[in-house]
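Residues 984 to 1508, numbered by the numbering used here, are exactly what the sequence shown covers, in order. Glycine included, every Cβ here is placed at the ideal spot set by N, Cα and C. Inspection log for the structure reproduced underneath, given as structure tokens.
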Amino acid sequence: MFSLAALPGVSGGGGGAPDGGEPLPASGDAPPPDSELSKAVFQHGVASGDPLPDAVILWTRVTPVRAGAVAVTWQIALDAGFIRIVGAGALLTDEERDHTVKVDAGGLDPGKTYYYRFIALGGSSPVGRTRTAPRGLAERLRFAVASCSSYAHGLFHGYRHIAARLDLDAVIHLGDYIYEFGTGEYGGARHCEPAHELVTLADYRARYAQYRRDRDLQAAHQQHPFITVWDDHELANNTWKGGAANHTWPAEGSWEVRRAVAQRVYAEWMPIREHPRDAGRIWRALRYGDLVDLFLLDTRSWGRDRQADPGDRAAIEAPARTILGRDQEAWLRAELAGSTAAWKVIGQQVLMGHVPQDLNTDAWDGYPAARQRFFELLDEERVRDVVVLSGDTHASWAIELAPAPLDPARYDAATGRGALAVEIAVPGITSPWLTEEQARTTEPLFLTNPHVKYVDLWRRGYVVLDVAPERVQGAWFLYDAPERPQVDEVFAAAFAARRGESHLRREEAAAPAIDDPPEAAPRLS
């Protein structure tokens, strides 16, 4: 694990009750968050992320009327009315961090819901709601899992529905939070800001600012902490460690400069706990008591070898080929081997399961030696009860992960014998793959693979991951036509794995919501 360094616009201060006693008293009235002044100052809402048992990242951005440093006050409380404030602080932000603000608020209690806000320039932010991770015994956890939100492909209905699920512990976002394309280059439902492809520091900042003005995305961030990793489009399409398919040199300049710019802006705008020494490192672990160890990987830009041509079998099958890099592989081995949690959940970007009918060399199918080393570490270290979460494909998948899924002597689809983990892959919030007609033709072909238990190749949505000591369930909530102002979200499917097995069983219903969830943060009109 790592903590924030002393960065501009970042406070490491928490400030719980003095000597562990009663909560701090309210520090006076704040300006109303629904005033025109407050809305002008805090145009991009609030966010929180990377919960620990005693700390959480708090985020906002101020929009000043003139250049220069801005003083910002933050508060965190046990109630949405800020009667019982348990932490507060003040800091400065300026152009160097695009006037974003990030606080690592510590001194908190485990497994508890908190409310937070920021005050600056005579205005007050919307009230945010967040939750710390539990410590020790945890009986149940619920996460929304999402990815791939192309602004140009429609409205963020999925984020609005996630915001309404008040019983979630966090939202796990597996990347493609933004897209780098210009207007009309990928999707035409909404225009992009800037209208051209993102290359410069100002470009990336403007695109995040556009996304964070979206009311549905603001609502999801307001109600839940996010746990995020980037995929390729936060940088450029089909990124690898030395470049990207959507980067042209010399017309678009140095890849190293563009990557550094994109990663810098990601750190500015996302509620992620930054690595103290390496801005390019997002792989990390978060603990949720004795129930879940959550491992976040970077299969995209840290150590990935360049994508091979689908016809180049020699390159694809090279024994040294890596999608993680040797250092990240070694870290993952040590973390998984040392985990004592009931469930080991791996949040990463690209599909791990083998799909021979559609050889996607940008996914783990293009890095079979790396996938085999992952299976070997599970086998050699006797790691069980592993759930891999994946995004990127803009499709829904439930897959049993087996080293030889097409060999009936080594894998039994009826019992899961031979599988070492299960994979839950989420669709895009808006990003499409196939049309409905294409999907209806293609889905039966993919389901001929015995380890592929479920697939939906055209509807958009998200997954609710419900975790209990005895089983983990992934439930898909899907909708079509995100470009429409209203959509009908439907429960599409649920699959669960029992403790001690790597076998997915279909269930007839999603796990029930948790009764009496904590109060919502007040929504602004």
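According to the DSSP assignment, Asp1449 belongs to the beta strand (DSSP E) that extends over 1443–1451.
Within its own chain, the residues whose Cβ lies closer than 6 Å to the Cβ of Pro1177, once the five positions on either side in sequence are excluded, are Asp1186, Ala1189, listed in chain order.
Cβ contact annotation for Thr1056 (same chain, cutoff 6 Å, sequence separation greater than five): Ala1073, Ile1102, in chain order.
Looking at Pro1452, Lys1022, Ala1476, the one whose alpha-carbon comes closest to that of Val1446 is Ala1476. In the DSSP assignment, Ser1373 is bridged to Ala1408. For Ser1021, the secondary structure class from DSSP, reduced to helix, strand or coil, is helix. His1486 and Pro1433 have their C-alpha atoms some 12 Å from each other. Under the three-state reduction of DSSP, Gly1399 is assigned to coil, being neither helix nor strand. Boundaries cannot be given for Ala1050, as no alpha helix (DSSP H) includes it and DSSP labels it neither H nor E.
Here Leu1157 is not near Val1069, since their CB atoms are 8 Å or more apart.
DSSP, read as helix, strand or coil, puts Arg1482 in coil.
Only buried fits Trp1042, as 16 or more other CB atoms lie within 10 angstroms of its CB. As the crow flies, the alpha-carbon of Arg1123 is around 24 Å from that of Gly1374. Val1473 counts as exposed, since fewer than 16 other C-beta atoms from the protein chains shown sit within 10 angstroms of its C-beta. Taken in chain order, the unbroken stretches of alpha helix (DSSP H) that lie wholly in the segment 1316–1390 and span 4 residues or more are 1351–1363.
The bridge partners DSSP lists for Phe1278 are Ala1268, Ile1329. Arg1489 sits away from Arg1454, with the two beta carbons spaced by 8 Å or more.
Spatial neighbours of Ala1458 in its own chain (CB-CB distance under 6 Å, excluding positions within 5 residues in sequence) are listed in chain order as Val1447, Ala1477, Ala1493.
Counting of Cβ neighbours within 10 angstroms places Ala1346 among the buried residues, the total reaching 16 or more. For the set Ser1021, Leu1428, Pro1505, Val1029, the Cα lying nearest the Cα of His1204 is the one of Val1029.
Its Cα nearest to that of Lys1085, the residue Arg1100 stands out among Tyr1350, Pro1015, Arg1100. In this model, Glu1168 and Tyr1249 are separated by some 22 Å (Cα to Cα).
Remark: C-beta atoms of Pro1036 and Arg1118 approach each other more closely than 8 Å. Excluding sequence positions up to five before and after Gln1201, its CB lies within less than 6 Å of the CB of Gly1028, all in the same chain and listed in chain order. Taking the C-beta atoms as reference points, Ala1320 is found no nearer than 8 Å to Val1275.
Nearest in C-alpha terms to Asp1197, of all of Ala1262, Leu1361, Phe1025, Arg1148, is Phe1025. Closest by C-alpha distance to Arg1270, out of Phe1065, Ala1038, Pro1468, is Ala1038. Apart from sequence neighbours up to five positions away, the residues of its chain that approach Asp1150 with a beta-carbon distance below 7 Å are Arg1125, Ala1496, Ile1497, Pro1500, ordered along the chain. Per DSSP, the beta-bridge partners of Arg1125 are Asp1449. The beta carbon of Glu1251 sits closer than 7 Å to those of Arg1080, Asp1081, Thr1083, all from its chain and outside the five residues before and after it, given in chain order. Residue burial is scored here from C-beta neighbours: Gln1421 has fewer than 16 other C-beta atoms within 10 angstroms and is therefore classed as exposed. In the DSSP assignment, the residues bridged to Thr1083 are Arg1044.
For the options Gln1456, His1136, Gly1349, Ala1227, the alpha carbon positioned closest to that of Pro1302 is the one of Gly1349.
Here Glu1251 carries a helix assignment [DSSP, helix/strand/coil].
In the structure shown, Gln1058 falls within a strand segment according to DSSP collapsed to helix, strand and coil. If you check the CB distance, Cys1175 and Tyr1142 do not come in under 8 Å.
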